[in-house]
Amino acid sequence: MPSISPAALRVLRAAIEGTPFRPVACQSSRILSRGHIVRYPLQRQQRPYSAAASQHSTPPTRPPDEHFDHLLQNPPKTYYDFFPSLSITGPPPDGPFTIDQAALKRDFIRLQAVAHPDRHPAERRRAAERLSAQINTAFKTLSSPLRRAEYILDLRGARDSADEERVVGDGEGDQETLMEVMEAQQEAEEAADDEEMIREMRRQNDTRMGEVIGQLDDAFEKDDLVRAKKEAVKLSYWDGLEERLRYGSVMH
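What the sequence shown shows, in UniProt numbering, is residues 1 to 252, in sequence order.
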């Protein structure tokens, strides 16, 4: 009578006792004739599909080099289209006004690395340099809340070069905000040599700007361009004050 391998005995014993046979954790086994065993690695169990998770997942994006090639062949319609993290939703009202600054900067660095002239053949080097300059302009615009707001208004045809002068000059704008800014400028001038006072004024101004940006976010979400334009002018006041506080060039 031919001998039976230990593995085969375990299978027979499991069948008799009515308990399922479990191979070792790291391998599965198939018993062939003459007691030989062929072992296969177990496949890692995949998680079941979750419809809820898929609704919130981020669509896959191209690698930076492929995305750059796509931009060379398909000129972007908006600054948002330059950056994979923003092109998914686009500008308001489809996408939010507030953006992920870290993701934007990451996209910018990756694209500029791909845009380096040494990475491109001579015949398309000039086109790559032009696209690199456009990416740089788009990044500077979208990374600044004020420039971003003005750009979005420009896209919608809701702003012209005379807007700020008209708002400030004929009483259509928020004169109370303008007076508050002028008072803050005077305080900054008087505290020019007081570093602690300047730091405190910058903290206060940062809070004001945050509040205005929140109003812009809400206005763009509701597609209220009249309100968004008004808040953008307010932000320009406080942004100007921030520049003067930061660099010490308080306007006389």
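Glycine included, each C-beta is placed from N, C-alpha and C at the ideal position.
Beta-carbon gap between residue i and residue j smaller than 8 Å
| i | j | result |
| --- | --- | --- |
| residue 315 | Ile135 | In this structure the chain extends from 1 to 252, so residue 315 is not present and cannot be described. |
| Ala138 | Phe68 | no |
| Tyr80 | Leu72 | no |
| Gly248 | Ala192 | yes |
| Thr177 | Lys222 | no |
| Pro117 | Glu129 | yes |
| Ser132 | Ala115 | yes |
| Pro75 | Leu111 | no |
| Glu187 | Met201 | yes |
Under the three-state DSSP convention, the category residue i falls into
| i | result |
| --- | --- |
| Thr78 | coil |
| His67 | helix |
| Gly214 | helix |
| Pro96 | coil |
| Ile88 | coil |
| Lys105 | helix |
| Gly240 | helix |
| Ala222 | Residue identity differs from the one stated: residue 222 is Lys in this sequence, not Ala. Note: Lys222 maps to coil in three-state DSSP. |
| Phe139 | helix |
| Ser132 | helix |
| Asp206 | helix |
| Arg125 | helix |
| Ala113 | helix |
| Ala192 | coil |
| Arg156 | coil |
Proximal residues to residue i (C-beta, below 8 Å), its chain only, five neighbours per side dropped
| i | result |
| --- | --- |
| Arg148 | Phe97, Ile99, Thr141 and Leu142 |
| Asn205 | Ala184, Trp238, Leu241, Glu242 and Leu245 |
| Leu146 | Ala232, Leu235, Ser236 and Asp239 |
| Leu225 | Leu153, Arg156, Ala158 and Ala219 |
| Gly171 | Residue confidence is low: Gly171 scores 48 on pLDDT, short of 50, so the model does not pin down where it sits. No coordinate-derived value is stated. |
| Gln55 | In this predicted model, Gln55 has a pLDDT of only 34, less than 50, meaning its place in the structure is not dependable; the value taken from the coordinates is given anyway. The answer is none, since no qualifying residue turns up. |
Cβ neighbours of residue i in the same chain (closer than 7 Å, five flanking residues each side left out)
| i | result |
| --- | --- |
| Glu231 | Val212, Gln215, Leu216 and Ala219 |
| Gln101 | Ser143 |
| Lys229 | Leu153, Ala158, Arg159 and Asp163 |
| Leu155 | Thr78 and Pro91 |
| Ala127 | Leu72 |
| residue 272 | What the structure shows of the chain is the stretch from 1 to 252, and residue 272 is not part of that stretch, so it cannot be assessed. |
| Arg227 | Ala219 |
Residue i: CB within 7 Å of a non-hydrogen atom of the ligand ADP
| i | result |
| --- | --- |
| Arg202 | Although the ligand ADP was asked about, the structure shown includes no ligands whatsoever. |
6 Å CB neighbourhood of residue i in its chain, flanking five on each side removed
| i | result |
| --- | --- |
| Ala103 | Ser85 |
| Arg125 | Pro117 |
| Gly95 | Thr89 |
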